[in-house]
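See structure below.
2 protein chains.
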Amino acid sequence: MKKNKYKNIYEELAGKMKDGTFQPGELIPSEHELAARYETSRETIRKALTLLSQNGYIQKLRGKGSVVLDTSRASFPISGLVSFKELADQMNGAIQTSVEEFRLILPDPYLQHQLQCSVKEEVWKVIRVRTFDGERVILDKDFLLKKHIPALTEDICGKSIYAYIEQELGLTISFAKKEITVEPCTNEDMDFLHTNGFAHVVVVRNYVYLDDASLFQYTESRHRPDKFRFVDFARRHMK
Amino acid sequence: MKKNKYKNIYEELAGKMKDGTFQPGELIPSEHELAARYETSRETIRKALTLLSQNGYIQKLRGKGSVVLDTSRASFPISGLVSFKELADQMNGAIQTSVEEFRLILPDPYLQHQLQCSVKEEVWKVIRVRTFDGERVILDKDFLLKKHIPALTEDICGKSIYAYIEQELGLTISFAKKEITVEPCTNEDMDFLHTNGFAHVVVVRNYVYLDDASLFQYTESRHRPDKFRFVDFARRHMK
DNA sequence: CTCCTAAACTTGTATATACATCTTAGTATT
DNA sequence: AATACTAAGATGTATATACAAGTTTAGGAG
Chain W
1 MKKNKYKNIY
11 EELAGKMKDG
21 TFQPGELIPS
31 EHELAARYET
41 SRETIRKALT
51 LLSQNGYIQK
61 LRGKGSVVLD
71 TSRASFPISG
81 LVSFKELADQ
91 MNGAIQTSVE
101 EFRLILPDPY
111 LQHQLQCSVK
121 EEVWKVIRVR
131 TFDGERVILD
141 KDFLLKKHIP
151 ALTEDICGKS
161 IYAYIEQELG
171 LTISFAKKEI
181 TVEPCTNEDM
191 DFLHTNGFAH
201 VVVVRNYVYL
211 DDASLFQYTE
221 SRHRPDKFRF
231 VDFARRHMK
Chain P
1 MKKNKYKNIY
11 EELAGKMKDG
21 TFQPGELIPS
31 EHELAARYET
41 SRETIRKALT
51 LLSQNGYIQK
61 LRGKGSVVLD
71 TSRASFPISG
81 LVSFKELADQ
91 MNGAIQTSVE
101 EFRLILPDPY
111 LQHQLQCSVK
121 EEVWKVIRVR
131 TFDGERVILD
141 KDFLLKKHIP
151 ALTEDICGKS
161 IYAYIEQELG
171 LTISFAKKEI
181 TVEPCTNEDM
191 DFLHTNGFAH
201 VVVVRNYVYL
211 DDASLFQYTE
221 SRHRPDKFRF
231 VDFARRHMK
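Line by line, the protein sequences give chains W and P.
For the first sequence, full-length UniProt numbering assigns the number 1 to the initial residue and increments by one for each residue that follows.
For the second sequence, full-length UniProt numbering assigns the number 1 to the initial residue and increments by one for each residue that follows.
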């Protein structure tokens, strides 16, 4: 099989950093030694190490080796493109999702612009509220093009839309552009959320694309400010 | 010279997307053709295209080619690790920096924790205010370890600390971990900023590292909410 | 003992080859 | 005319080699 050897090695090494087999500050084995240990070529090891470096697991030091970085503070996931369900599964605590609205609509001009579609394109409108420890703190407004997602049910929205798209429909969610701003509370925010006297919400606008580069989803995720936290890892120069 | 051929090609192709030589939706030449055109190997071209893909310039379609994505909406820089001076240079408008405080201190327990240093390590404390169109909207509190940055002047802080570190000191700023939250205004915020009645500020905490993986800077960037905007590009699966 | 140098080992870049997998267009068959 | 197959061309993965450049260590010269 000619598939994903480097990705498997990446996963295995990343696991060893997460579970503490490799400690922060330590040097991992050299590329030659890893190549021998995994019975593969140095180039394949280098692809795995490049991924680790890009995701903040290691720092490569020329002439010395690769040192393990401290990822404990980061509280994963580090930004990335992760669905709420996947995020919730990684956390421990009382987290609930309730579907407040679910229907097929024709887009208004604002949505036409966000989804770059015509007024005739049918769109799934899904409104969900995320509850943490009994407090309604996130309002998710999803809009999905029926052209790409022909069938959808309220039941699926209560679980995970992404799992349905990837596992049932066999589509591949590829990338997203996101924008974070702070905006005044709307009436809708106050209806659905426990705003606790906050006059503003943090708005995360997500434009999500499939692997053929077609835009299929626009999501507006509205967070109560005191419960919002975004963590990112960024490299200055690319390698 | 055995250096950075792939990075040069990346820069050249990225430039063609920015200036419109390559239009969104278009297919760029195939890897074979680019290899011939640049008189290099396919692997070198692939490294350049991988960078373009990671930074949201193109989407690679197996069996078809690489399609140019629309980066016009993104309004660069897309997250990344960019100094304020570099960001300001790309924008047009009346932007000013004023240094409000500049001195050498010994860290209190909070700073010791943020910078992971002892109470004896001297730290440069720099407080700067960023003014847009006459409004004081960002308060930057920088703390730099003297161990790594032995000399610093108020004049440098008024221009660009990063330019000084990289060009004068010859150090390489490598990566940063950042965290975005929303927090109540402090007295300091109200003293230095035109808070315009806002009760909260957006706080961006930056932990910045050199290329030997040593932490040298902790920055707290406090933004007036209505002027804050963060744009990110994220891929779901890594390649 | 100190200093310098050379060797060994590390990661970085460039090139080449082979084959897998996917898309598309063209051809042949039914 | 519709379908099925084939070939060409595209990207994806794996391997191999050579050399460049930075770091560390060991050993030799003084």
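Ideal Cβ placement from N, Cα and C applies to all residues, glycine included.
Since this is a predicted model, take the numbers as computed values, not measurements.
- One finds nothing in chain W with a Cβ atom closer than 9 Å to the Cβ of P/Lys147; even the nearest lies about 17 Å away.
- DSSP places W/Gly65 inside the beta strand (DSSP E), whose first and last residues are 65-68.
- By a beta-carbon distance limit of 8 Å, W/Phe216 contacts W/Leu145. Their separation comes to about 5 Å.
- Excluding the 5 residues flanking it on each side, P/Ser53 has same chain C-beta neighbours closer than 6 Å at Lys60, in chain order.
- Of all residues in the region 227-238 of chain W, only Phe228, Arg229, Phe230, Val231, Asp232, Phe233, Ala234, Arg235, Arg236, His237, Met238 place a beta-carbon less than 8 Å from a beta-carbon of chain P.
- Any Cβ of chain W closer than 8 Å to the Cβ of P/Pro225 would place that residue at the interface, and such an atom is present.
- For W/Val201, the beta-bridge partners assigned by DSSP are W/Glu183.
- Residue environment analysis places P/Met238 among the exposed positions, since fewer than 16 neighbouring C-beta atoms fall within 10 angstroms of its C-beta.
- Any Cβ of chain W closer than 8 Å to the Cβ of P/His32 would place that residue at the interface, and such an atom is absent.
- The way I'd put it, the region 175-190 of chain P does touch the region 200-215 of chain P; three or more beta-carbon pairs between them come closer than 8 Å.
- Within the same chain, Cβ atoms closer than 7 Å to the Cβ of P/Lys227 are found at Phe132, Val137, the five residues on either side in sequence being excluded.
- Non-local beta-carbon contacts of W/Ser72 in its own chain, meaning distances under 8 Å to residues more than five positions away in sequence, involve Pro24 in chain order.
- Among the residues facing chain P, W/His200 is included, as its CB has a counterpart in that chain under 8 Å away.
- The shortest C-alpha to C-alpha distance from W/Ile156 to any of W/Asn187, W/Gly134, W/Val126 is the one to W/Val126.
- Of all residues in the region 166-177 of chain P, the ones placed with a Cβ closer than 8 Å to any Cβ belonging to chain W are Thr172, Ile173, Ser174, Phe175, Ala176, Lys177, in chain order.
- Not one beta carbon of chain W lies nearer than 8 Å to the beta carbon of P/Gln112.
- For W/Phe143, the uninterrupted beta strand (DSSP E) segment begins and ends at 135-145.
- Listed in chain order, the alpha helix (DSSP H) runs fully inside the UniProt domain "HTH gntR-type" (3-71) of chain W are 5-18, 31-37, 42-54, counting runs of at least 4 residues.
- Residues Lys5 of the same chain have their beta carbon placed closer than 7 Å to that of P/Thr40, with the five preceding and five following residues left out of the count.
- If you ignore the 5 residues before and after P/Asp142, its C-beta comes within less than 6 Å of the C-beta of Val126, Thr219, all in its own chain and listed in chain order.
- With its beta carbon at least 8 Å from every one in chain W, P/Ile45 lies outside the interface.
- Taken in chain order, the unbroken stretches of beta strand (DSSP E) that lie wholly in the region 99-133 of chain P and span 3 residues or more are 123-132.
- If you draw a straight line from the Cα of P/Gln116 to the Cα of P/Ala213, it comes to about 13 Å.
- The alpha-carbon separation between P/Arg46 and P/Glu12 amounts to approximately 14 Å.
- Neighbours of W/Thr195 in chain P, taken as residues at a C-beta separation under 9 Å, are lacking, since the least C-beta distance is about 13 Å.
- W/Leu27 has a beta carbon lying at 8 Å or more from every beta carbon in chain P.
- Within a 10 Å sphere around the beta-carbon of P/Pro184 sit fewer than 16 other beta-carbons, which makes this residue exposed.
- Shown in chain order are the members of the region 199-218 of chain W whose Cβ falls below 7 Å from a Cβ of chain P: His200, Val202, Asp212, Ala213.
- For the region 54-73 of chain P, the set of residues with a beta-carbon nearer than 8 Å to any beta-carbon of chain W comprises Gln54, Asn55, Gly56, Gln59, Leu61, Val67, Leu69, Arg73, in chain order.
- Under DSSP, the beta-bridge partners assigned to W/Ser221 are W/Asp140, W/Val204.
- Under DSSP, W/Lys177 takes part in a beta bridge, and its partners are W/Tyr207, P/Phe233.
- Of the candidates W/Ile9, W/Glu101, W/Ile28, W/Pro150, W/Ile28 places its Cα closest to the Cα of W/Val67.
- CA-CA distance, W/Val119 to W/His148, rounds to 16 Å.
- By alpha-carbon distance to W/Leu171, the top candidate from W/His194, W/Leu193, W/Tyr209, W/Glu188 is W/Tyr209.
- Counting other Cβ atoms within 10 Å of its Cβ, W/Ala36 stays below 16 and is therefore classed as exposed.
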